[in-house]
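For the sequence shown, the positions run 15 to 103 when our numbering is used. We put the beta carbon where it would ideally sit given N, CA and C, even for glycine. From a predicted model like this one, the values you see are computed outputs, not experimental measurements.
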Amino acid sequence: MTEAIYLDDATVRRTEATVERVDGDRVVLDRTVFYPAGVDPVRIVEIEGVDRTACGGTHVPSTEEIGRVRVTGRETRGSGEERLRFELE
């Protein structure tokens, strides 16, 4: 049975796998990071060492489409938590 790596770590993008068998034009691996057809994955955005959170926003192919970001506010939300407010210029 294929181990579904994405169930344990939705942010994983790379892993090593062993070919269990070749089934016609399909290769069956012992583990996968890919979601099965029909399942809508949750995108996790991580700023390493700062934050990791589920993303519910619009995605762009390249960050250059966004332009400059200006921080407009900052508030402390408790121990180790901050909220940043920002706008696109």
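Own chain, CB closer than 8 Å to residue i, minus 5 neighbours either side, in chain order
{"i": "R66", "result": "T25, I58, V59, E60"}
{"i": "V83", "result": "F100, E101, L102, E103"}
{"i": "H73", "result": "R57"}
Pick from the options that is closest to residue i, judged by C-alpha positions
{"i": "G87", "options": "G38, E96, G63, L43", "result": "E96"}
{"i": "T29", "options": "T77, H73, R45", "result": "R45"}
{"i": "V85", "options": "E78, T77, L98, E79", "result": "L98"}
Beta-ladder partner(s) of residue i, from DSSP
{"i": "I80", "result": "DSSP lists no partner for I80."}
Whole-angstrom C-beta distance between residue j and residue i, which should lie under 8 Å
{"i": "L43", "j": "V33", "result": "6 Å"}
Own chain partners of residue i with C-beta closer than 6 Å, once the 5 adjacent residues on each side are dropped
{"i": "A31", "result": "L43, D44, R45"}
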